[in-house]
Amino acid sequence: MEYKVTLIPGDGIGPEIVREARKVLDKVGERFGHTFHYTEILMGGASIDACGVPLTEEAIAKAKAGDSVLLGAVGGNVGQSNWYQLPPDLRPEAGLLKIRKELGLFCNLRPAVLFRQLKNACPLKDELIGDGFDFVVVRELTGGVYFGPRETKTENGIRKAVDTMPYDENEIKRIARWAFDVAMKRNKRVCSVDKANVLDTSRLWRQVVREVSAEYPEVELTDMLVDNCAMQMVKDPRQFDVVLTENMFGDILSDEASMVTGSIGMLASASLGETKLGLYEPSHGSAPDIAGQDKANPIATILSAAMMLRYSFDLIREADAVEEAINRVLDQGFRTIDIMSEGCTLVGTAQMGDRIAAEL
Numbered sequence: 018m019e020y021k022v023t024l025i026p027g028d029g030i031g032p033e034i035v036r037e038a039r040k041v042l043d044k045v046g047e048r049f050g051h052t053f054h055y056t057e058i059l060m061g062g063a064s065i066d067a068c069g070v071p072l073t074e075e076a077i078a079k080a081k082a083g084d085s086v087l088l089g090a091v092g093g094n095v096g097q098s099n100w101y102q103l104p105p106d107l108r109p110e111a112g113l114l115k116i117r118k119e120l121g122l123f124c125n126l127r128p129a130v131l132f133r134q135l136k137n138a139c140p141l142k143d144e145l146i147g148d149g150f151d152f153v154v155v156r157e158l159t160g161g162v163y164f165g166p167r168e169t170k171t172e173n174g175i176r177k178a179v180d181t182m183p184y185d186e187n188e189i190k191r192i193a194r195w196a197f198d199v200a201m202k203r204n205k206r207v208c209s210v211d212k213a214n215v216l217d218t219s220r221l222w223r224q225v226v227r228e229v230s231a232e233y234p235e236v237e238l239t240d241m242l243v244d245n246c247a248m249q250m251v252k253d254p255r256q257f258d259v260v261l262t263e264n265m266f267g268d269i270l271s272d273e274a275s276m277v278t279g280s281i282g283m284l285a286s287a288s289l290g291e292t293k294l295g296l297y298e299p300s301h302g303s304a305p306d307i308a309g310q311d312k313a314n315p316i317a318t319i320l321s322a323a324m325m326l327r328y329s330f331d332l333i334r335e336a337d338a339v340e341e342a343i344n345r346v347l348d349q350g351f352r353t354i355d356i357m358s359e360g361c362t363l364v365g366t367a368q369m370g371d372r373i374a375a376e377l
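Here the working numbering is used: the sequence shown runs in plain steps of one and ends on residue 377.
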């Protein structure tokens with residue numbers, strides 16, 4: 018089979034980690050008889066420098082013409098980069114928001130997996146993590162307060178800012194169905210997170226999610242307030258299977274979930290919609306302080322490529338093979354600097370990619 022992959026190297030360590038993911042994809046193609054055709058586009062600071070905007074219409078068109086998109090990272094140091102002297106809609110991260118919107122990507126899947134080889138890196142006590150945990154945060158991505166009407170003004174000499182959090186039932190239904198579909202392939206449990214004791218949007222959220230749950234009688238649904246969920250993730254992360262929530266809550270909770278695994282450099286993510294075209298990216302940032310030094314951990318990006326194989330291309334066997342290759346390399350004791358521990362062998366970005374590709 019042939020697949021068209023749009024690559025967005027982006028900023029900072031982005032080009033390095035995307036290069037290693039491409040190396041692994043090519044090895045997958047070689048082993049399983051597929052061909053991946055790549056098109057590169059600019060986004061974020063790289064696009065600002067070259068084109069004056071974080072994402073051009075031409076880049077969007079190229080992304081839409083492909084079968085899927087693999088992103089490295091965008092952005093830089095806020096206090097050091099001229100990019101952050103620009104208006105908010107022209108800063109690097111605006112390109113990410115725009116491409117999600119343009120591609121209709123309303124669902125973000127963010128796995129939180131504690132790799133057994135990295136158990137010592139987890140900040141939680143052994144009695145809290147047991148043999149490890151494995152859950153997924155399903156976050157609504159194109160609605161809520163990040164996209165609602167906003168205003169900053171002065172009234173009677175006092176500055177005032179207003180952000181609004183709109184959701185309609187159709188937006189809630191479509192993300193809820195994603196969560197239940199994911200749960201059906203896992204342990205058939207969904208925890209829907211809201212703030213229904215305070216917010217009207219959350220009360221609607223809870224009502225609609227319960228309506229959708231009737232379509233999935235095999236899946237157990239529970240409701241949890243967002244402040245309690247934040248506590249439960251550090252108290253007993255093993256209780257979760259699929260965590261479903263709206264945009265802002267999901268942004269915060271998915272970052273918390275990533276950190277209890279011990280290293281954000283190990284965590285992938287997928288942004289999906291109603292078609293097979295998805296955007297796949299590591300959960301971490303652009304880490305400009307180590308860019309070009311062969312120190313970045315490419316595993317999250319390689320795992321993102323595995324998610325692309327699984328969700329956009331339906332190549333389940335191939336995705337499993339990538340994940341198994343990563344586990345074998347970790348079993349052999351190879352580590353990048355962010356996950357290094359005593360008794361292991363330190364490798365750089367390129368060598369980690371080489372070893373994972375070799376295991377395929």
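Note that CB positions come from ideal geometry on N, CA and C, so glycine has one too.
Met-250 beta carbon less than 8 Å from that of Ala-274: By 1-based counting over the sequence shown, the position of residue 274 is 257. By 1-based counting over the sequence shown, the position of residue 250 is 233. Yes; because the gap between Cβ atoms is below 8 Å, this pair is in contact.
Buried versus exposed call for Arg-352 [16 or more other C-beta atoms within 10 Å across all chains shown]: Counting from 1 along the sequence shown, the entry for residue 352 is found at position 335. Classification of Arg-352: buried, given that the 10 Å Cβ count is 16 or more.
Nearest-angstrom Cα separation, counted from Val-199 out to Val-259: Working through the sequence shown from its first residue, we reach residue 259 at position 242. Working through the sequence shown from its first residue, we reach residue 199 at position 182. Using only the alpha carbons, I get a separation of about 8 Å.
Whole-angstrom distance between Glu-110 and Met-201, CA atom to CA atom: Translated into the one-based positions of the sequence shown, residue 201 becomes position 184. Translated into the one-based positions of the sequence shown, residue 110 becomes position 93. Straight-line Cα distance between these residues: approximately 33 Å.
For Ile-343, the nearest candidate out of Leu-135, Leu-107, Asn-264, Pro-140 (CA to CA): If you number the sequence shown from 1, residue 343 lands on position 326. Considering only Leu-135, Leu-107, Asn-264, Pro-140, the residue with the shortest C-alpha distance to Ile-343 is Leu-135.
Among Asp-217, Phe-132, Glu-168, Ser-329, the one whose alpha carbon lies nearest that of Leu-284: Taking the first residue of the sequence shown as 1, we reach residue 284 at position 267. Of all alpha-carbon atoms in Asp-217, Phe-132, Glu-168, Ser-329, the one lying nearest the alpha-carbon of Leu-284 is that of Phe-132.
Proximity to Val-86 [Cα-Cα], best of Arg-108, Ser-98, Arg-39, His-51: Here residue 86 is taken as the residue at index 69 of the sequence shown, counted from 1. It is Arg-39 whose Cα lies nearest to the Cα of Val-86.
Distance, Glu-186 Cα to Val-91 Cα: Your numbering for residue 91 matches position 74 in the sequence shown. Your numbering for residue 186 matches position 169 in the sequence shown. Taking the CA atoms as reference points, Val-91 sits about 32 Å from Glu-186.
Contacts around Val-226, its chain only, beta-carbon distance under 6 Å, and the 5 residues preceding and following it disregarded: As a working note, residue 226 is residue 209 in the sequence shown. Counting only residues of its own chain and dropping the five nearest sequence neighbours on each side, Val-226 has a CB closer than 6 Å to the CB of Ala-193, Ser-209.
Euclidean distance between Cα positions of Cys-361 and Trp-100: Along the sequence shown, one-based indexing puts residue 361 at 344. Along the sequence shown, one-based indexing puts residue 100 at 83. Those two C-alpha atoms are separated by around 39 Å.
Uninterrupted alpha helix (DSSP H) stretches inside the region 57-89 (no shorter than 4 residues): Taking only runs of at least 4 residues, the alpha helix (DSSP H) segments lying wholly in the region 57-89 are 62-68, 74-82.
Presumed contact (8 Å Cβ cut-off) between Leu-11 and Leu-122, rounded CB distance: The first residue shown for the chain is 18 and the last is 377, placing residue 11 beyond what the model contains.
Short CB-CB distance (under 8 Å) between Ala-200 and chain C: Note that chain C does not occur in the displayed structure, where there is just one protein chain.
Three-state class that DSSP yields for Lys-312 in the structure shown: One-based indexing of the sequence shown puts residue 312 at position 295. Coil, per DSSP.
Beta bridge counterpart(s) of Glu-157 as assigned by DSSP: Position 140 of the sequence shown, counted from the start, is the residue given in the question as residue 157. In the DSSP assignment, Glu-157 forms a beta bridge with Cys-124.
Which residues DSSP lists as bridging Leu-261, in chain order: Translated into positions along the sequence shown, residue 261 becomes position 244. Per DSSP, Val-155, Ser-209.
For Val-22, three-class secondary structure by DSSP: For this step, residue 22 is matched to residue 5 along the sequence shown. For Val-22, the three-state secondary structure derived from DSSP is strand.
Neighbourhood of Glu-168 by C-beta distance below 6 Å, restricted to the same chain and skipping five residues each side: Locating residue 168 in the sequence shown gives position 151, counting from the first residue. Non-local beta-carbon contacts of Glu-168 in its own chain, meaning distances under 6 Å to residues more than five positions away in sequence, involve Val-179 in chain order.
Buried versus exposed call for Asp-337 [16 or more other C-beta atoms within 10 Å across all chains shown]: As a working note, residue 337 is residue 320 in the sequence shown. Exposed, because fewer than 16 other Cβ atoms sit within 10 Å of the Cβ of Asp-337.
Residues of its chain near Val-229, where Cβ-Cβ distance is below 7 Å and the 5 sequence neighbours each way are ignored: Residue mapping note: residue 229 aligns to position 212 of the sequence shown, counting from 1. Annotation for Val-229: Lys-190, Ala-193, Arg-194, Phe-197 place their beta carbon closer than 7 Å to its own, counting only its chain and skipping 5 residues before and after.
Rounded straight-line distance, which links the Cα of Gly-29 to that of Arg-94: As a first step, residue 94 is located in the sequence shown; it is residue number 77 there, counting from the start. As a first step, residue 29 is located in the sequence shown; it is residue number 12 there, counting from the start. In the sequence on display, residue 94 carries Asn and not Arg. Spanning the two alpha carbons is a distance of roughly 10 Å.
DSSP-derived helix/strand/coil call for Tyr-233: Here residue 233 is taken as the residue at index 216 of the sequence shown, counted from 1. If DSSP states are grouped into helix, strand and coil, Tyr-233 belongs with coil.
Residue range of the unbroken alpha helix (DSSP H) whose run includes Thr-181: One-based indexing of the sequence shown puts residue 181 at position 164. Element bounds for Thr-181: n/a, residue is neither H nor E.
Distance between beta carbons of Leu-24 and Thr-56, contact taken as under 8 Å: Numbered from its first residue, the sequence shown carries residue 56 at position 39. Numbered from its first residue, the sequence shown carries residue 24 at position 7. Between Thr-56 and Leu-24, the beta carbon gap of about 7 Å places them in contact (Cβ cut-off 8 Å).
Anticipated Cβ contact below 8 Å, Leu-296 with Leu-59, distance rounded: Reading the sequence shown from its first residue, position 279 is the one you call residue 296. Reading the sequence shown from its first residue, position 42 is the one you call residue 59. Between Leu-59 and Leu-296 the Cβ distance is about 15 Å, and since that is not below 8 Å, they are no contact.
Span of the beta strand (DSSP E), counted from its first residue to its last, around Thr-171: Looking up residue 171 in the sequence shown gives position 154. DSSP places Thr-171 inside the beta strand (DSSP E), whose first and last residues are 167-172.
Reduced DSSP secondary structure (H/G/I, E/B, other) of Gly-112: The residue given as residue 112 occupies position 95 in the sequence shown. Correct three-state label for Gly-112: helix.
Close beta carbons around Ala-323, own chain, < 6 Å, minus the five adjacent residues each side: Translated into the one-based positions of the sequence shown, residue 323 becomes position 306. Taken in chain order, the residues that qualify are Ala-336, Val-339, Glu-340.
Separation of Ile-356 from Ala-138, as counted between CA atoms: Against the sequence shown, residue 138 aligns to sequence position 121. Against the sequence shown, residue 356 aligns to sequence position 339. C-alpha separation (whole angstroms): 7 Å.
Sequence-distant residues of the same chain with beta carbon closer than 7 Å to Arg-327, five excluded per side: Numbered from its first residue, the sequence shown carries residue 327 at position 310. Counting only Cβ-Cβ distances below 7 Å, and skipping sequence neighbours, we find Ile-333, Ala-336.
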